[in-house]
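Quick mapping for you: the protein sequence lines, in order, are chains A and B. Per our numbering, the first sequence starts with residue 7, numbered consecutively. Per our numbering, the second sequence starts with residue 7, numbered consecutively. Note that the Cβ used here is the ideal one computed from N, Cα and C, for glycine as well. Before any comments, here is the structure.
There are 2 protein chains.
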Amino acid sequence: MGLTRTDNYTSEQVNLAQLLKVLGHPARIAIVQSIIRTNKCICGDLVTEIGLAQSTISQHLKELKSVGIIQGTIEGTSVCYCINVETWDRLKLSMNELLNAVDANPNCC
Amino acid sequence: MGLTRTDNYTSEQVNLAQLLKVLGHPARIAIVQSIIRTNKCICGDLVTEIGLAQSTISQHLKELKSVGIIQGTIEGTSVCYCINVETWDRLKLSMNELLNAVDANPNCC
DNA sequence: AAAGTTAATCGTAATATTGCGATATAGCAA
DNA sequence: TTGCTATATCGCAATATTACGATTAACTTT
């Protein structure tokens, strides 16, 4: 099929999976890290920073934007991208809940 | 292409992306949560718990195992799966570093 | 207006993922 | 041995992803 079934899962599971899937690519990790690090509106600098074609970077930005991880506002001829804090906090909560669940219940084998 | 280029990124970026990619599917989130929650060796219970075919569950388990998120030991006729704590701790460190980087540097737009 | 810059979109090719049924493998029970 | 159960693997079809070059859109500068 190739189509992920979503009807068996809670919306929380689907939501977290969606965010992690988008972050599950080194280029998008690098993009997010770069946006965080520069702490300012960066634009096409990513094309030279990461060694990918402009259209490829734009596509990755679109995916990050589509799930609300980043948001962009037009600044003249270029675009300012930054982290969407609401989505980020939601991710942080869900992910920490998952990550910390293991410590409480150590594994058995 | 369809092939992710890895030569532009640090091994940390590739590694984190790999783990997040595998976790980026609701079935695998559900599987991991189930393993954590039951805190014991669960096996084919997943097939009834999650509504997917046995072969599909087996495939998801294989992917989780391939990146070291879970490990399985044979228990007679069934298999005991549990969280691989070393990988989990590595994920926790990398992910927290990324997640907490935003708080320090609030976004600009 | 014309040319330049920046980013998005389109089209395409190669590859990966998802899911299933069918089959194989391996241990346990009769 | 003969079945029974549990899991893994194979083969397949449908769809998604990744990456690129070419083009378009929109704003700036000359």
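Run down chain A in chain order and give the residues with a C-beta less than 7 Å from the C-beta of residue i.
| i | result |
| --- | --- |
| residue 19/B | 32, 35 and 36 |
Using beta-carbon positions only, say whether residue i and residue j come within less than 8 Å of one another.
| i | j | result |
| --- | --- | --- |
| residue 91/A | residue 24/A | no |
| residue 38/A | residue 63/A | no |
| residue 89/B | residue 108/A | yes |
| residue 26/B | residue 30/A | yes |
| residue 86/B | residue 93/B | no |
Counting only Cβ pairs nearer than 8 Å, list the residues of chain B close to residue i.
| i | result |
| --- | --- |
| residue 52/A | Within 8 Å Cβ-Cβ: nothing; residue 52/A doesn't reach chain B, min ~11 Å. |
Quick check on this structure: which residue in the options has the alpha carbon closest to the alpha carbon of residue i?
| i | options | result |
| --- | --- | --- |
| residue 48/B | 26/B, 21/B and 84/B | 84/B |
| residue 95/B | 22/B, 16/B and 14/B | 22/B |
| residue 17/A | 106/A, 105/A and 100/A | 100/A |
| residue 81/A | 44/A, 61/A, 50/A and 15/A | 50/A |
Going along the chain, which residues of its own chain have a beta-carbon closer than 7 Å to the beta-carbon of residue i, five neighbours each way excluded?
| i | result |
| --- | --- |
| residue 28/A | 34, 69, 70, 73 and 75 |
| residue 55/B | 40 |
| residue 97/B | 25 |
If the cut is a Cβ gap below 7 Å, which residues of chain B does residue i touch?
| i | result |
| --- | --- |
| residue 98/A | 105 |
| residue 26/A | 26, 29 and 30 |
Quick one: list the residues of chain B neighbouring residue i, beta-carbon separation under 9 Å, in chain order.
| i | result |
| --- | --- |
| residue 70/A | None at all; the shortest Cβ gap to chain B is about 13 Å. |
| residue 22/A | 29, 30, 32 and 35 |
Just to confirm my understanding: we take residue i, look at its own chain, exclude 5 residues before and 5 after, and list those with CB closer than 8 Å. What are they?
| i | result |
| --- | --- |
| residue 42/B | 89 |
| residue 104/A | 22 |
| residue 60/B | 50 and 53 |
Spatial neighbours of residue i within its chain, please: CB distance less than 6 Å, with the 5 preceding and 5 following residues excluded, ordered by chain position.
| i | result |
| --- | --- |
| residue 77/A | 90 |
Quick one: is the Cβ of residue i within less than 7 Å of any heavy atom of the ligand COA?
| i | result |
| --- | --- |
| residue 50/A | Ligands are entirely absent from the displayed structure, and the ligand COA is therefore not among its contents. |
Requested in this report: Evaluate the contact criterion for the segment 56-71 of chain B versus the segment 34-42 of chain B: three or more CB pairs, one atom per stretch, below 8 Å.
Outcome: Touching, yes, given that three or more Cβ pairs across the two stretches are closer than 8 Å.
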